[in-house]
Structure formats: structure tokens, C-alpha cells
């Protein structure tokens, strides 16, 4: 069986240089997007009452503790894996 000739094109048709251009991230654009999302999230959080936020926090902590205990039990071989 003959090896296939190497090509600069990907199966999708984009050249390596074109793919590399898409992989470049502009740090300034990224920072601006982060700030925008942060402001949007803050608006949504401010709309939620304190009791709901506390219940959400409690649920997140409870889930995290469960995950930690499940990982510990898995490590000890008490439960099966993924």
C-alpha cells in the first residue's frame, strides 16, 4: 500500500495557514467580550432575590460535596467508575 501524498489542505478544504488565522485570538477583543459578559451577568444576578441566590449557592455546594465524596469512594474502589 502506497502512502498518501502529504497535502497542505485539511479535509474541510482550508489550508494550514487559513486554520492558523482562525486560531489566533485578539487579547483586546477577548478582554472586551469578557467585560461585556461580566456586566450582563451582573445585571441578571441583581434581578434575582437574595433567598433564591442563597438556595442556588447551597445547591452548588451540596453538589460539589457529593462530587468530592463520589471521587473519594471511586478512588477507594467502593464504587464503579465512569
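Numbering (my numbering), first residue to last: 6 to 87.
Don't be surprised by glycine CBs; every beta carbon is placed ideally from N, CA and C.
Keep in mind the model is a prediction, meaning the values are calculated, not measured.
Residue i to residue j span [Cα, whole Å]
i	j	result
residue 61	residue 43	19 Å
residue 52	residue 45	11 Å
residue 4	residue 33	With the chain covering 6 to 87 only, the question about residue 4 has no answer from this structure.
residue 54	residue 82	42 Å
residue 57	residue 38	28 Å
residue 35	residue 41	10 Å
residue 78	residue 84	6 Å
residue 72	residue 48	30 Å
residue 59	residue 70	16 Å
Proximity test, residue i beta-carbon vs the ligand MN heavy atom, cut-off 7 Å
i	result
residue 61	With respect to the ligand MN, the structure shown offers nothing to examine, as it has no ligands at all.
Length-filtered (4 minimum) alpha helix (DSSP H) runs lying within the segment 31-56: 32-52
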